[in-house]
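Engineer: No gaps in the numbering here: position 176 of the sequence shown is 175 in numbering that gives the first Met the number 0, and each next residue is one more.
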Amino acid sequence: MSNIIITTKKLCKTFSNGGVQQHVLKNLDIEIYEGDFTVIMGSSGAGKSTLLYALSGMDKPTLGSIKFFDNEIAKLSNDKLAVFRRINCGFVFQQMFLLDNMSILDNILAGGLLVSGNKKKITSKAIELLTQVGLTETIWRKFPSQLSGGEAQRAAIVRALINQPKVVFADEPTGALNSASGTAVLDVLSEFNNQGQSVIMVTHDIKSARRGNRILYMRDGVIDGVCDLGKYVSGDRERHEKLKNFLTEMGW
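1) Fully enclosed by the region 140 to 186, which alpha helix (DSSP H) runs are 4 residues long or longer?
2) Between which residues of its own chain and ASP35 is the CB-CB distance below 7 Å, once the five residues before and five after are set aside?
3) Using three-state DSSP, classify SER64 as helix, strand or coil.
4) I'd like the list of long-range same chain contacts for SER43, defined as Cβ closer than 6 Å, with 5 residues on each side in sequence excluded.
5) Cα separation between ILE86 and PRO60?
6) Tell me, which residues are paired with ASP227 by DSSP?
7) Is it right to say LEU104 is buried, meaning 16 or more other beta carbons lie within 10 angstroms of its own, or is it exposed?
8) Please identify the residue among LYS66, ASP223 and THR37 whose C-alpha is closest to the C-alpha of LEU10.
9) Taking the alpha helix (DSSP H) that GLN131 falls in, what are its first and last residues?
10) Candidates ILE29, GLU150, ILE121 and ARG209: which alpha carbon is nearest LEU160's?
11) I'd like the list of long-range same chain contacts for ASP99, defined as Cβ closer than 7 Å, with 5 residues on each side in sequence excluded.
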């Protein structure tokens, strides 16, 4: 069995809305395994993104424990959390958040140089990754506004990977893309996962969810079901049917 990289115990997140307490995460006990492509699904408001942000240290839980390779992160200060995220986590969002006034390469270098002062080494790594995701020099010399949505999202994945994070956290990474671009982005995430990169992804889309080997289904702030699919293989109809049947059982 793979090593456990993230463990939560009694994880809770509560928001106050007009004086009313809204319990978004409710006593969650979760284990995330190294090298897995973990997918979090569920209806709107189930707590998917809240859980993702808690696991990554982007948001602090109200109660409970989050251990990341045995390091308790739930009670770290904001400054220490920022350092933790920079070193251990990569992020891919529905919106790419690339800086418009910088080239694609410079966007990636900016993230890498926050961790390493060795510009030559970071530049070499950036070019290696850009090439791996199919972005040529002509493209990575451009500005974000000059790229297609799929190209920009692949560049955002490179930015997420530049510091060799323990985990890549992806929140609806194909939500703003057409089908072809979305498939290209999923192919990139699957490729890196096959190389050993741990990925945790939130999605509403069954086509995207098929890429995961482990599906966590959330309902009203709890994990209501788990589906183990094994490693992704393109064209595996049994995999698709197993996931579809699981989601039907969950009431998706």
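Every residue, glycine too, gets a C-beta built ideally from N, C-alpha and C.
Structural biologist: Considering the structure as presented:
1) 148 to 160
2) SER1, SER197, ASN212 and ARG213
3) strand
4) none
5) 21 Å
6) ARG213
7) buried
8) LYS66
9) 118 to 131
10) ILE121
11) PHE142, PRO143 and SER144
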